[in-house]
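Residue numbers (my numbering), protein chains in the order written: chain A, 1 to 111; chain B, 1 to 111.
Idealized CB from N, CA, C, for every residue including glycine.
2 protein chains.
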Amino acid sequence: MSTVTFDDWKKFDLKVGEVLEVARVPKTEKLYKLQVDIGTDKPIQIVTSLVPYYSEEELKGKKIVVLVNLEKAKFGGEISEGMLLCAETEDESKCVLLTPHKDIEAGTPIM
Amino acid sequence: MSTVTFDDWKKFDLKVGEVLEVARVPKTEKLYKLQVDIGTDKPIQIVTSLVPYYSEEELKGKKIVVLVNLEKAKFGGEISEGMLLCAETEDESKCVLLTPHKDIEAGTPIM
Numbered sequence: 001m002s003t004v005t006f007d008d009w010k011k012f013d014l015k016v017g018e019v020l021e022v023a024r025v026p027k028t029e030k031l032y033k034l035q036v037d038i039g040t041d042k043p044i045q046i047v048t049s050l051v052p053y054y055s056e057e058e059l060k061g062k063k064i065v066v067l068v069n070l071e072k073a074k075f076g077g078e079i080s081e082g083m084l085l086c087a088e089t090e091d092e093s094k095c096v097l098l099t100p101h102k103d104i105e106a107g108t109p110i111m
Numbered sequence: 001m002s003t004v005t006f007d008d009w010k011k012f013d014l015k016v017g018e019v020l021e022v023a024r025v026p027k028t029e030k031l032y033k034l035q036v037d038i039g040t041d042k043p044i045q046i047v048t049s050l051v052p053y054y055s056e057e058e059l060k061g062k063k064i065v066v067l068v069n070l071e072k073a074k075f076g077g078e079i080s081e082g083m084l085l086c087a088e089t090e091d092e093s094k095c096v097l098l099t100p101h102k103d104i105e106a107g108t109p110i111m
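Rendered as C-alpha cells:
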C-alpha cells in the first residue's frame, strides 16, 4: 500500500460511539442495525455484519470506534450512516471490535 | 468535515500492533519511543506523546491500533514509522488508547 500523509488522515472523522440499540435486519443473515450515540443530538444508524461474531447483548452499551463522515450506503434495505472499526483476520474466522482502553465519552475524537 | 468514500478509506493501512518495548525519548517531556510488533519480521518504531497519560508498565505488552503506511516523521530526533490511535478530548485532559475488545494477533488488519 502506498504512503499516506497526515493531511490525508485528517480528512477522516473518527469518533468514539456508544451503542444504544441493537436489532437484526430482517431477511438478512449477518446484519445488525445499531443506533449509535456519537455525541450529537441524535444517534446515527450503522448497519454492520457482526451477527456471526457478537450477540445483541454484547453489543448493547459498548463503546466502539466509528468512521462518521463516510458516504451513506444501504445494506439490506437499511441506511448506514457510518462504519464501525474491527480487527478482522483474512480468513474472516475472527472479527473483534475496537474499543477505548479506558472509558471515555461518546463523541470523543480519535486522533 | 466533508464526506469520504470507502475507496479513500482503503488507502489507510491500519493494523493491530503489540507494544514490545517502551523507552523515554531523552531531553523531551512527553515522548516515548515504542517498538511495536505489527506482524512483520521486524518491529517498527513509533514515537508518541503519551508520557502524561500512560506509564511504561501500562504500555508494555498492550495491543494497540497503528496506522502503518503514514509517511515517516522525526520527533525529538527519533524516527516514527507509524502513528497509534487514541481517543483524545479537545482540552487534552484525557487521552485513551484504542485496543481490540478481545485478544487478537498483532498484524491483524483493521477494516
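N-terminal and C-terminal residue of the alpha helix (DSSP H) that residue i is part of
i	result
residue 59 of chain B	56 to 59
residue 8 of chain B	6 to 9
Paired residues, beta bridge with residue i - DSSP
i	result
residue 109 of chain A	A:15
residue 99 of chain B	A:99
residue 88 of chain B	B:95
Whole-Å CB distance - residue i paired with residue j, under 8 Å assumed
i	j	result
residue 51 of chain B	residue 32 of chain B	6 Å
residue 6 of chain B	residue 70 of chain A	7 Å
residue 61 of chain A	residue 36 of chain A	Their Cβ separation, rounded to whole angstroms, is 11 Å, which puts residue 61 of chain A and residue 36 of chain A out of contact at 8 Å.
residue 84 of chain A	residue 40 of chain A	The pair is not a contact, with the Cβ atoms about 16 Å apart (cut-off 8 Å).
residue 99 of chain B	residue 99 of chain A	6 Å
residue 59 of chain A	residue 43 of chain A	14 Å between Cβ atoms; not a contact.
residue 46 of chain B	residue 81 of chain B	7 Å
Handout entry: Cβ contact check for the stretch 67 to 81 of chain A and the stretch 23 to 37 of chain A: 3 or more pairs under 8 Å
Key = yes
Problem - 4-residue-minimum alpha helix (DSSP H) runs that sit fully inside the stretch 16 to 86 of chain B, ordered along the chain - result: 56 to 59
Exercise for the section: Flag this pair as touching only if the stretch 10 to 24 of chain B and the stretch 62 to 72 of chain B have three or more C-beta atom pairs under 8 Å; answer yes or no. Expected result: yes
Practice task
Would you check if the stretch 99 to 107 of chain B and the stretch 86 to 98 of chain A touch, i.e. whether three or more CB-CB distances between them fall below 8 Å?
Solution key: yes
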